[in-house]
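Participant: I'd like to ask you about the structure that follows.
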Amino acid sequence: MTSPFHPLTILRFSISISVLFFQSALIVAAQFLGFVVWPFSRKLFRSYIRHTMELWTLHLVALNQYFAPSKLVLTVDESITRETVRLEDGIIVERDEGIETILKRDGKGRILGLKNMPWRVVLMANHQARCLPCQCPRIRQNHSKRRSQVDADIRMAMIIFDFIFLKRKWSADRPIIESNLQRSATKSQPLWLIVFPEGTVISESNRKKSKSFAEKNDLTDLTYSLLPRSTGLNLCTTTLTPSVDYVYDLTIGYDGIKPGEIPEKVYTLRRIYFQGMYPKRVHVHLRRFPLASLPTEDAAYATWLRDRWAEKDTLLAHFYAHGAFPGEERAAPARAKVRSEWTPEGDEVVIVEREEGEAVHVSATMEPKLNSLLDLTQVWFCLLPYLPIVQFIRQYWHAVAAIEAATAAAEAA
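So in UniProt numbering, spot 146 of the sequence shown is number 146, and the numbers just go up one at a time.
This is how it looks when you write it as structure tokens:
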């Protein structure tokens, strides 16, 4: 492990912080250009701000990819892969193509990312370490919009991004969250809302609080996660139900964590980004539930969520015992045999060919893919409209200086 005071560590720290702050400052400057069109078209304004948010997210992901290039191991269950289709003769059948249903491959059969993911969805996940939000964007199909609930410490760009700021008091937070979600429910735009029902990361003190709450309320405590809080998630799913069809459940496990260890202590931000100690693989188990199937009564909803977290705890127990989630042994090849077909619209469709009797794959490993330099410097082009303004200010001050010099010369004469 590299010493935190090693010159290379200091250099990595300096470069990462400098680049992040510089690019973030450019993003904020680019955001203000959107207010030029705001009085004329709110839709165009939101589209532009959404694009600047995409650029900002790219920088966060790129930082994570460069300093902690973890591989992503994605495993799904049949709630993701099973689909009902109508054949040409009108017969309706169910089929399960496994994880290939959502894997995007190129013409050579290599995995590029994900496809067929909804553009509006609510996600819930266990929160094991503060590096987790950096991993969530990697499984997204679009970078169009991502919201988190954050404390009111970082303001400028996040206010424009329409983030939700909390006061940690439900009576004050509820109308703010509800108003924001109602706006989101009426907009025809991508939305990936990430909710962490545990409310915080796992720690020794939080484990004790979870256990105490379980004993007080005659509930079964969990081993690898905290008892979830249903109030916030319930409000989100209830408000967004008309415009969102599914809630996706992510169970995350990190390589290198032993049973009983606190992930937050093992993978600290300093160790990950400045000492090169990061999980070589981030394992994600993915499933989904139709929002229409969720209970509507508060007590029933809380019970439903605790049941899901009990299942999540069972998945984590398997992960810590075997180093993998159930199904990871049925992994799709990194490079598959494919053929291309063309739709009437002229679009290419890559079809994965399977051998007769071959098992359906439910897991896949995705290599980290660095964003191109062009992707990361897009924001610089957003600043071009500022050049005439800078030139005008420069000429103005030169003119002022010339007038002052002429006035001083006249007075001296």
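Every residue, glycine too, gets a C-beta built ideally from N, C-alpha and C.
Which residues share a DSSP beta bridge with Tyr278?
Facilitator: Bridge partners of Tyr278: none, in fact.
Participant: Can you give the Cα-Cα distance for Gly113 and Glu204, rounded to whole angstroms?
Facilitator: Approximately 36 Å, taken between the alpha carbons.
Participant: With which residues is Val201 paired in a DSSP beta bridge?
Facilitator: Its beta-bridge partners do not exist; DSSP assigns none.
Participant: In whole angstroms, what separates the C-alpha of Pro228 from that of Tyr320?
Facilitator: Approximately 21 Å, taken between the alpha carbons.
Participant: Under 7 Å between C-beta atoms, does Arg306 make it to chain D?
Facilitator: Reference to chain D is not applicable here, since this structure consists of a single protein chain.
Participant: So for Tyr267, helix, strand or coil by DSSP?
Facilitator: Residue state, collapsed to three classes: coil.
Participant: Would you report the Cα separation of Ile92 and Thr84, rounded to the nearest angstrom?
Facilitator: Cα to Cα, the separation comes out at about 7 Å.
Participant: How many angstroms separate the CA atom of Glu97 from the CA atom of Thr365?
Facilitator: Roughly 17 Å between the two C-alpha positions.
Participant: Between Glu264, Phe392 and Pro333, which lies nearest to Glu100 when the distance is taken from Cα to Cα?
Facilitator: That would be Pro333, whose Cα lies nearest to the Cα of Glu100.
Participant: Might you give, ordered along the chain, the residues of its own chain that have their beta carbon closer than 6 Å to the beta carbon of Gly199, omitting 5 neighbours on each side?
Facilitator: The answer, listed in chain order, is Arg229.
Participant: Answer yes or no: do Ala359 and Arg330 have a C-beta to C-beta separation smaller than 7 Å?
Facilitator: Yes; because the gap between Cβ atoms is below 7 Å, this pair is in contact.
Participant: On the criterion of 16 or more Cβ atoms from any shown chain inside 10 Å, does Leu58 qualify as buried, or is it exposed?
Facilitator: So Leu58 counts as buried.
Participant: Which partner residues of Trp342 appear in the DSSP bridge assignment?
Facilitator: Per DSSP, Glu348.
Participant: Restricting to Cα atoms, I'd like to know which of Ser70, Phe45, Val28 and Phe40 is closest to Trp56.
Facilitator: Considering only alpha carbons, the answer is Val28.
Participant: For the alpha helix (DSSP H) containing Lys71, list its first residue and its last residue.
Facilitator: Here Lys71 belongs to no alpha helix (DSSP H); instead the beta strand (DSSP E) covers Lys71 to Val76.
Participant: For the beta strand (DSSP E) holding Ala364, just list the boundary residues, first then last.
Facilitator: Per DSSP, Ala364 belongs to the beta strand (DSSP E) from Ser363 to Met366.
Participant: Per DSSP, Tyr254 is paired with what?
Facilitator: Looking at the DSSP assignment, Tyr254 forms a beta bridge with Val282.
Participant: Please confirm whether Ile257 and Ala68 have their CB atoms less than 7 Å apart.
Facilitator: No, these two residues do not count as a Cβ contact at 7 Å.
Participant: In its own chain, which residues sit with a C-beta less than 8 Å from the C-beta of Arg174, not counting the 5 before and 5 after it?
Facilitator: Cβ neighbours of Arg174 beyond the five flanking positions: Leu235.
Participant: Are Val379 and Ala62 touching if we call contact CB-CB under 7 Å?
Facilitator: Not a contact, by the Cβ cut-off of 7 Å.
Participant: Closer than 8 Å is the cut-off here; do at least three beta carbon pairs connect the stretch 40-56 with the stretch 230-249?
Facilitator: As far as the Cβ criterion goes, the stretch 40-56 does not touch the stretch 230-249, which means the pair count is below three.
Participant: Decide if His398 is buried, meaning its Cβ has at least 16 other Cβ atoms within 10 Å, or exposed.
Facilitator: It is exposed - the Cβ of His398 has fewer than 16 other Cβ atoms within 10 Å.
Participant: DSSP three-state label for Trp192, please.
Facilitator: DSSP places Trp192 in strand when its eight states are reduced to three.
Participant: Of all the options Val195, Ile194, Asp221 and Asn217, which has the alpha carbon lying nearest to the alpha carbon of Arg207?
Facilitator: With distances taken between Cα atoms, Arg207 lies closest to Asp221.
Participant: According to DSSP, what are the bridge partners of Asp249?
Facilitator: DSSP, once it has assigned bridges, lists Met124 and Arg287 as partnering Asp249.
Participant: With distances taken Cα to Cα, identify the nearest neighbour of Ile389 among Phe196, Ala25 and Leu33.
Facilitator: With distances taken between Cα atoms, Ile389 lies closest to Leu33.
Participant: In chain order, what residues of the same chain lie with their CB nearer than 7 Å to the CB of Pro242, ignoring the 5 residues before and after it?
Facilitator: Taken in chain order, the residues that qualify are Ala185.
Participant: State the DSSP-derived secondary structure class of Leu315, mapped to helix, strand or coil.
Facilitator: Correct three-state label for Leu315: helix.
Participant: Rounded to a whole number of angstroms, what is the C-alpha to C-alpha distance between Thr75 and Phe289?
Facilitator: If you take the alpha carbons of Thr75 and Phe289, they lie about 16 Å apart.
Participant: Use the C-beta contact count for Arg394: other C-beta atoms within 10 angstroms, 16 or more gives buried, fewer gives exposed.
Facilitator: Classification for Arg394: exposed.
Participant: Am I right that Lys305 and Val195 are in contact with their C-beta atoms under 8 Å? What's the rounded C-beta distance?
Facilitator: In the sequence as presented, Lys is not what sits at residue 305; that position holds Leu. With 8 Å as the limit, Leu305 and Val195 do not qualify as a contact, their Cβ atoms being about 11 Å apart.
Participant: Give the secondary structure of Gly357 by DSSP, where H, G and I count as helix, E and B as strand, and everything else as coil.
Facilitator: Gly357: coil per DSSP, three-state reduction.
Participant: Keeping to the same chain, check which residues put their C-beta closer than 7 Å to that of Leu376; ignore five residues upstream and five downstream.
Facilitator: Counting only Cβ-Cβ distances below 7 Å, and skipping sequence neighbours, we find Leu58, His59 and Ala62.
Participant: Quick check on this structure: which residue in Ser225, Val121 and Pro197 has the alpha carbon closest to the alpha carbon of Leu181?
Facilitator: It is Val121.
Participant: With distance defined between alpha-carbon atoms, name the residue in Trp309, Tyr396, Val37 and Leu26 nearest to Leu384.
Facilitator: Ranking the options by Cα distance to Leu384, first place goes to Leu26.
Participant: In its own chain, which residues sit with a C-beta less than 6 Å from the C-beta of Ser171, not counting the 5 before and 5 after it?
Facilitator: None.
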